[in-house]
Every structure is written in structure tokens, then in C-alpha cells.
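What follows is a set of notes on a single structure, which appears directly below.
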Amino acid sequence: SQTIHQWPATLVQPVGSPLSLECTVEGTSNPNLYWYRQAAGRGLQLLFYSVGIGQISSEVPQNLSASRPQDRQFILSSKKLLLSDSGFYLCAWSIIARAEQYFGPGTRLTVT
Amino acid sequence: KNEVEQSPQNLTAQEGEFITINCSYSVGISALHWLQQHPGGGIVSLFMLSSGKKKHGRLIATINIQEKHSSLHITASHPRDSAVYICAVYPYGGSQGNLIFGKGTKLSVKP
Numbered sequence: 712s713q714t715i716h717q718w719p720a721t722l723v724q725p726v727g728s729p730l731s732l733e734c735t736v737e738g739t740s741n742p743n744l745y746w747y748r749q750a751a752g753r754g755l756q757l758l759f760y761s762v763g764i765g766q767i768s769s770e771v772p773q774n775l776s777a778s779r780p781q782d783r784q785f786i787l788s789s790k791k792l793l794l795s796d797s798g799f800y801l802c803a804w805s806i807i808a809r810a811e812q813y814f815g816p817g818t819r820l821t822v823t
Numbered sequence: 047k048n049e050v051e052q053s054p055q056n057l058t059a060q061e062g063e064f065i066t067i068n069c070s071y072s073v074g075i076s077a078l079h080w081l082q083q084h085p086g087g088g089i090v091s092l093f094m095l096s097s098g099k100k101k102h103g104r105l106i107a108t109i110n111i112q113e114k115h116s117s118l119h120i121t122a123s124h125p126r127d128s129a130v131y132i133c134a135v136y137p138y139g140g141s142q143g144n145l146i147f148g149k150g151t152k153l154s155v156k157p
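In the order they appear, the protein sequences are chains V and Z. If you read the first sequence in this note's numbering, its first letter stands for residue 712, the second for the next number, and so on. If you read the second sequence in this note's numbering, its first letter stands for residue 47, the second for the next number, and so on.
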């Protein structure tokens, strides 16, 4: 069966510090991968999605970036965090585009 | 106006009650997704449907494509059903990853 992992589970970082969040999927090959952010009291917002290694599409301009160095690994990064980057970050995968998406446990990021 | 509207925003029920959560959308879609977000934040996929009705245990989801409306029903509700229920749609012509999300319905089931 397929599983999706995210780490860390929680993170407190100062403004201006770098960020790296990791997501890995097991039990499937060549999944579509997604990064979402949920700000406090708000709905889910798609940040990036990837249909294959090295292929990243950005949905929202921001100071975040994403990379997919391996088939089942998706990384969300920032060189300098802003207060507005605080939120709950979720990774998800689907077998193909526009299919049912399965979500990871999330990372709660607080920028202080 | 949001493209995906859910009602009600908040819902409190007594254990055992039949619950309905509604989702209306204003764009043409290829499919609709119902998700459950637990108090800790984790999200579980409940259903994905593009027509008719699907059932899983005490959960039933229906969709009426012509009326651009979907409902999620919970029969014999239980306190463990307390969560935020989120409706999301894949719009026609959108990017491959672009689910449009509703703001969610917060359900609290009292024992």
C-alpha cells in the first residue's frame, strides 16, 4: 500500500532563516506530487505541483521554491523565511493528474 | 464570490443524528473531492466523484452535475466524526494540479 511521509512535524524558525521541508511517498512510482499551505483560519492553497523528476509548476508567486530530486521525493524550500510563511504545509500525491489526492500528515511552521 | 461554497460553515449535532453538508460550485468541473481534516491537521480523502453517488460505511456523497451541487451525508453520527469537511473541485481547463477548495464545514458531534 502507498504511504506518504512528511518531516518535520513541527518547526519554529526565525524570520530570515532558511527552510527545508521534505515529503516522500512509498509504494508507487512516478506520482504527481503537490505542496499546499493552509494559513491560520484559511483554506488550502496549492503552492507547487510536479508531474515528474525535475518538473515543477508554481501556482502562486512567493519566496518559496520546490524541487523534486528523486521520483518519490518532493522538497519545499526557502532561502529567507517571512512571518507570512507561517502555516500548515501539506504534501499530497495522486496517481495521475486530476485524480484523487492523498495527503501527508503535514508540517506546522511558525515563523517568529 | 468564491468558486466553491460550502454550507453550513459550522454544524453542531447530537450523537446519532443524520448530517448533511452541502457544496455548490460555479465552474464546470471534471470531478469533486470530499476531504476530512482532523483536529490535528491531517487530511483524509473521503470520496472523489464525477457523477451519481458513492457510499463508504456511514458516509454517502452525491453529486448533481447539472445543478453544480454535491452533498456529503453522515448517518448515525458519532463524536469521532467531529472534524472539518472540505469540498474541492477540479475545474475544466485548469492546470493539472489545480483543485479549488471550499473553506470547509466544521462539524462537532456531541455525545
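By construction, the Cβ of each residue, glycine as well, lies at the ideal position given by its N, Cα and C atoms.
Considering only residues of the same chain and omitting the five flanking positions on each side of Z:S117, which have a CB-CB separation below 6 Å? Only T66, N68 and T108 meet the Cβ criterion.
With DSSP as the reference, label Z:P137 as helix, strand or coil. Here DSSP, grouped into helix, strand and coil, assigns Z:P137 to strand.
Beta-carbon proximity list for V:T739, same chain, < 8 Å, skipping 5 on both sides: Closer than 8 Å at the Cβ level, and outside the excluded window around V:T739, lie Q713, R783, W804 and I806.
Is there a Cβ from chain Z that is less than 9 Å from the Cβ of V:F785? Taking 9 Å as the CB threshold, V:F785 stays off the interface with chain Z.
9 Å Cβ cutoff met for Z:L145 and V:Q749: Not in contact: Z:L145 and V:Q749 (Cβ atoms no closer than 9 Å).
Cβ contact (3+ pairs, closer than 8 Å) linking the stretch 723 to 739 of chain V and the stretch 777 to 793 of chain V: Proximity of the stretch 723 to 739 of chain V to the stretch 777 to 793 of chain V meets the contact definition, three or more beta-carbon pairs being nearer than 8 Å.
Please check if any C-beta of chain Z sits within less than 9 Å of the C-beta of V:Q773. No, because no Cβ of chain Z sits closer than 9 Å to the Cβ of V:Q773.
Same chain only: Cβ atoms within 6 Å of Z:S53, ignoring 5 sequence neighbours per side: Once the five neighbours on either side are set aside, the close Cβ partners of Z:S53 are N68.
Closer than 7 Å, Cβ to any Cβ of chain Z: which residues of the stretch 744 to 766 of chain V, in chain order? Using a CB distance below 7 Å, the part of the stretch 744 to 766 of chain V facing chain Z consists of Y745, G754, L755, L757, Y760 and V762, ordered along the chain.
For a quick check, are the C-beta atoms of V:G743 and V:S769 less than 9 Å apart? The sequence given here has Asn at residue 743 of chain V, not Gly. No, they are not a contact pair.
V:F759 - containing beta strand (DSSP E), residue span: Where V:F759 is concerned, the enclosing beta strand (DSSP E) stretches over L755 to G763.
Can you list, in chain order, the residues of the stretch 98 to 118 of chain Z whose Cβ is nearer than 7 Å to any Cβ on chain V? So the list is empty, because no residue satisfies the distance condition.
Below 6 Å CB to CB, which residues in the same chain sit around Z:V90 once its five sequence neighbours on both sides are set aside? If we look at Z:V90 and ignore the five residues flanking it on each side, its Cβ neighbours are Q82.
Looking at Z:A134: is its Cβ nearer than 9 Å to the Cβ of Z:H84? Contact flag unset, no.
When the Cα of Z:G88 is compared with those of V:T721, V:A810 and V:S778, which residue comes out closest? Cα-wise, what sits closest to Z:G88 is V:T721.
Indicate whether V:V822 and V:L792 have their beta-carbon atoms separated by less than 9 Å. Yes, the pair counts as a contact, with Cβ atoms nearer than the cut-off.
Go ahead and pull the three-state DSSP assignment for Z:R126. Residue state, collapsed to three classes: helix.
Run the CB neighbour count on V:S797, radius 10 Å, all protein chains shown included, and call it buried at 16 or more, exposed below. Counting Cβ neighbours within 10 Å, V:S797 comes out buried, since at least 16 surround it.
Please list the partners that Z:Y136 has in chain V, where partner means a Cβ-to-Cβ separation under 7 Å. Near Z:Y136 (Cβ distances below 7 Å), the residues of chain V are R809.
When you compare only the Cα positions, how much space is there between Z:K99 and Z:N110? Approximately 9 Å, taken between the alpha carbons.
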